[in-house]
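Protein chains in written order, with the working numbering: chain A, -19 to 210; chain B, -19 to 210.
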């Protein structure tokens, strides 16, 4: 199934290292700051709505998330949120950007083995500088040819990536935790993909069972199982 | 001088299209919003200081600039700036992200001619999504092999780029408006560079005459003059 594979692209957040957990924690802190103005549920919903509305303009990543939190705070408090509370939101975002990198179990072993046989790259969404910094902090830089920070992970973005890599679609294998971003678009353009789920998924990345029906890909419990397939 | 050249990398902002002008305009609007709290000079200085302090964390681009404006507004107003004024800053930043792209004179003619002989890429700092969007809007996408959005433009960043392009340093020519980012680091690693100045330069990108002494590069009045050299 993977015999033509030349380049393996790894998703980063929640595939190589923990990420979504930090966003969930930040959302909890944000709800606390806003709790005198709205219910937790309403705050969660409104923040999500504003994030999605701004996605086209801001793209993925922590800076856009910070700006959306500020917008949400102004709106939900009916412009009553205090300047000090807004400052807390800035500090919350900066703390996220300064978080240490927590590698997922088995990642280094897999990269260590695969980088001898394949060209490995990182293919991730998010803030450019933030992702580069995390890769640097992770100590995994040495296994990768380079990092591709992508503004989106749709079919046409992967087509661009393949053109940029000067390979054919069937020579690319993507490994990641998101069915929507790391698996389905790859299969549609004739590349391969392996799904390694993370225990939490951002609502925006969720797909219905229907969308994966008739799709031909491996879903693994643990990233180490990749070594049994390659 | 350019006989080994295989890849030509173009800087984007203020080389292919207008950019710095929009930041200057935004700074003026920002000063107006804050004018009841401080003098224009003090506002300008403080914003610059906060931008530079945050550069390591936020990187280049409009989203980081928006967050720095908010931080600066809170600080300079001694946390008195109104919630509506903060909202104005968000709107100001969003307006920047939505600006149309204004190509600089001669750019398309140069790209049209050069892309038949060389592999052309865009090598730019800034927000990933924003730069991709501008390239899309510019109508110049067809001339470029791909776009490299870089978190920094120092020697080691260009070394990574060269490795990524699988070429030797002397096969890369960079064309851009910033001596600091588009010229000097290239010359130091054995690549070539052509300087095409823009009429305004962000203070952070300025270099002293001393730094360019004994450097061997062409500085052109107009990007069209590149065609006489290549």
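From the three backbone atoms N, C-alpha and C, an ideal C-beta is built for every residue, glycine too.
Give a yes or no on whether the minimum CB-CB distance between residue -2/B and chain A is below 8 Å. Here residue -2/B corresponds to residue number 18 of the second chain, with the count starting at 1. It does not; no Cβ of chain A falls within 8 Å.
My output table needs one value for residue 48/A: the three-state DSSP class, helix, strand or coil. Position 68 of the first chain, counted from the first residue, corresponds to residue 48/A. Three-state DSSP puts residue 48/A in a helix.
Assumed close pair residue 122/B, residue -8/B - CB separation to whole angstroms, cut-off 8 Å: Taking the first residue of the second chain as 1, we reach residue 122/B at position 142. Taking the first residue of the second chain as 1, we reach residue -8/B at position 12. Actually they do not touch by this definition, with Cβ atoms about 15 Å apart.
Terminal residues of the continuous beta strand (DSSP E) containing residue -10/B? Here the question's residue -10/B lines up with position 10 in the second chain. Segment -13 to -10, the beta strand (DSSP E) holding residue -10/B.
With which residues is residue 152/B paired in a DSSP beta bridge? Translated into positions along the second chain, residue 152/B becomes position 172. Answer by DSSP bridge pairing, in chain order: -13/B.
In whole angstroms, what is the alpha-carbon distance linking residue 127/A and residue 165/A? Position 147 of the first chain, counted from the start, is the residue given in the question as residue 127/A. Position 185 of the first chain, counted from the start, is the residue given in the question as residue 165/A. In a straight line, the C-alpha of residue 127/A is about 19 Å away from that of residue 165/A.
CB-CB under 6 Å to residue 155/B, same chain, minus the five flanking residues each way: which ones, in chain order? By one-based count along the second chain, residue 155/B stands at place 175. Taken in chain order, the residues that qualify are -10 and 174.
Three or more C-beta pairs under 8 Å: does that hold for the segment 67 to 85 of chain B against the segment 71 to 78 of chain A? no
Using 8 Å as the Cβ pair cut-off and three pairs as the minimum, do the segment 174 to 192 of chain B and the segment 147 to 162 of chain B touch? yes
Find the nearest neighbour of residue 196/A within the set 169/A, 202/A and 184/A, judged by alpha-carbon distance. Taking the first chain and counting its residues from 1, one reaches residue 196/A at position 216. Nearest of 169/A, 202/A and 184/A to residue 196/A, Cα basis: 169/A.
Measure from the alpha carbon of residue 209/B to the alpha carbon of each residue in 103/B, 6/B and 153/B, then state which is nearest. As a working mapping, residue 209/B is identified with position 229 in the second chain. Nearest option by C-alpha distance: 153/B.
Helix or strand or just coil, what does DSSP make of residue 202/B? Looking up residue 202/B in the second chain gives position 222. The answer is coil: DSSP assigns residue 202/B none of H, G, I, E or B.
Could you tell me whether the Cβ atoms of residue 204/B and residue 89/B are closer together than 8 Å? Looking up residue 204/B in the second chain gives position 224. Looking up residue 89/B in the second chain gives position 109. Yes, the pair counts as a contact, with Cβ atoms nearer than the cut-off.
Please state whether the Cβ-Cβ distance between residue 83/A and residue -3/A is less than 8 Å. Taking the first residue of the first chain as position 1, residue 83/A is located at position 103. Taking the first residue of the first chain as position 1, residue -3/A is located at position 17. Their beta carbons are under 8 Å apart, which means residue 83/A touches residue -3/A by this criterion.
Under 7 Å Cβ-Cβ, which residues of chain B neighbour residue 51/A? Within the first chain, numbered from 1, the residue matching residue 51/A stands at position 71. The answer, in chain order, is 70.
For residue 139/B, which residues in the same chain have their Cβ closer than 7 Å to its Cβ, ignoring the five residues on either side in sequence? The residue given as residue 139/B occupies position 159 in the second chain. Once the five neighbours on either side are set aside, the close Cβ partners of residue 139/B are 169.
Which residue wins for smallest C-alpha separation from residue 57/B, given the options 91/B, 111/B and 13/B? Translated into the one-based positions of the second chain, residue 57/B becomes position 77. Considering only alpha carbons, the answer is 13/B.
Starting from residue 126/A, find everything on chain B with Cβ-Cβ shorter than 8 Å and list it in chain order. What you label residue 126/A is simply residue 146 of the first chain in a count that begins at 1. Those are 140, 143 and 144, listed as they occur along chain B.
Applying the 10 Å Cβ sphere with the 16-neighbour rule, what's the burial state of residue 231/A? With chain A covering only -19 through 210, there is no way to say anything about residue 231/A.
Would a check of beta-carbon distances place residue 120/A closer than 8 Å to chain B? By one-based count along the first chain, residue 120/A stands at place 140. It does not; no Cβ of chain B falls within 8 Å.
Per DSSP, the bridge partner or partners of residue 55/A: Against the first chain, residue 55/A aligns to sequence position 75. Beta-bridge pairing links residue 55/A to no other residue.
Measure from the C-beta of residue 131/A to each C-beta in chain B and report whether the shortest distance is under 8 Å. Start at 1 with the first residue of the first chain, and residue 131/A comes out as number 151. So, interface residue.
Taking the beta carbon of residue 51/A as the centre, do at least 16 other beta carbons fall within 10 Å, making it buried, or is it exposed? Translated into positions along the first chain, residue 51/A becomes position 71. Looking at its Cβ environment, which holds 16 or more other Cβ atoms inside 10 Å, residue 51/A is buried.
Would residue 151/A pass as an interface residue toward chain B - the criterion being a Cβ-Cβ separation below 8 Å? Stepping through the first chain from its first residue, residue 151/A is reached at position 171. Cβ-Cβ to chain B under 8 Å: no for residue 151/A.
DSSP three-state label for residue 103/A, please. Numbered from its first residue, the first chain carries residue 103/A at position 123. Strand.
Using a Cβ-Cβ cut-off of less than 7 Å, list which residues of the segment 34 to 48 of chain A approach chain B; keep chain order. 37, 38, 39, 43, 44, 46 and 47
Report yes if the CB atom of residue 54/B is closer than 8 Å to the CB atom of residue -6/A, and no otherwise. Here the question's residue 54/B lines up with position 74 in the second chain. Here the question's residue -6/A lines up with position 14 in the first chain. Cβ distance not < 8 Å, so residue 54/B and residue -6/A don't count as in contact.
Please list the terminal residues of the continuous beta strand (DSSP E) segment that includes residue 173/A. Taking the first chain and counting its residues from 1, the one referred to as residue 173/A is at position 193. Taken as a continuous stretch (DSSP letters only), the beta strand (DSSP E) holding residue 173/A covers 172 to 175.
Residue 105/A and residue 40/A: beta carbons closer than 8 Å? Stepping through the first chain from its first residue, residue 105/A is reached at position 125. Stepping through the first chain from its first residue, residue 40/A is reached at position 60. Cβ distance < 8 Å, so residue 105/A and residue 40/A count as in contact.
Classify residue -19/B as buried or exposed, calling it buried when 16 or more other Cβ atoms lie within 10 Å of its own Cβ. Indexing the second chain from 1 puts residue -19/B at position 1. That one is exposed.
Within 8 Å, strictly: CB atoms of residue 98/B and residue 29/B: As a working mapping, residue 98/B is identified with position 118 in the second chain. As a working mapping, residue 29/B is identified with position 49 in the second chain. Against a cut-off of 8 Å, the Cβ pair of residue 29/B and residue 98/B comes out as no contact.
Which word fits residue 151/A, buried or exposed, when buried means at least 16 other C-beta atoms lie within 10 angstroms of its C-beta? Your numbering for residue 151/A matches position 171 in the first chain. Residue 151/A is buried by the Cβ-count criterion.
Hey, residue 7/B and residue 27/B: beta-carbon distance below 8 Å or not? The sequence position of residue 7/B within the second chain is 27, counting from 1. The sequence position of residue 27/B within the second chain is 47, counting from 1. Yes, these two residues count as a Cβ contact at 8 Å.
Run the CB neighbour count on residue 184/B, radius 10 Å, all protein chains shown included, and call it buried at 16 or more, exposed below. Residue 184/B sits at position 204 when you count from the first residue of the second chain. By the neighbour-count rule (16 or more Cβ atoms within 10 Å), residue 184/B is not buried but exposed.
Rounded to the nearest angstrom, what separates residue 11/A and residue 70/A at their Cα positions? Within the first chain, numbered from 1, the residue matching residue 11/A stands at position 31. Within the first chain, numbered from 1, the residue matching residue 70/A stands at position 90. Those two C-alpha atoms are separated by around 14 Å.
Contact with chain A by residue 61/B, beta-carbon distance below 8 Å: Sequence index remark: in the second chain, residue 61/B carries index 81 (1-based). Answer yes: the Cβ-Cβ gap between residue 61/B and chain A drops below 8 Å somewhere.
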